[in-house]
């Protein structure tokens, strides 16, 4: 069953803050990806990435909802 954004955020907020796959690491990964896209002239917004992350989390159970949550926090300035 596909999870909606609210469900993915609930799962993701329970992820550890630190560590290799924690919320902080996911935020850094997102920021680095955005910078890489800018350098290559293919700018992406956090909203575009959130859409991609939600779709991926819905399609792939192995994909981590923490990325969805981390992107949501970046959008909201957290």
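In our numbering, the protein residues as written are 1 to 78.
By construction, the Cβ of each residue, glycine as well, lies at the ideal position given by its N, Cα and C atoms.
query	result
Pick helix, strand or coil for residue 9, following the three-state DSSP scheme.	helix
Verify whether the separation of the beta carbon atoms of residue 24 and residue 17 is less than 7 Å.	yes
Can you tell me whether residue 30 is buried or exposed? The criterion is at least 16 other CB atoms within 10 Å of its CB, across all chains shown.	buried
Looking at the structure shown, is residue 59 part of a helix, part of a strand, or coil, going by DSSP?	helix
Is the distance from the Cβ of residue 70 to the Cβ of residue 57 below 7 Å?	no
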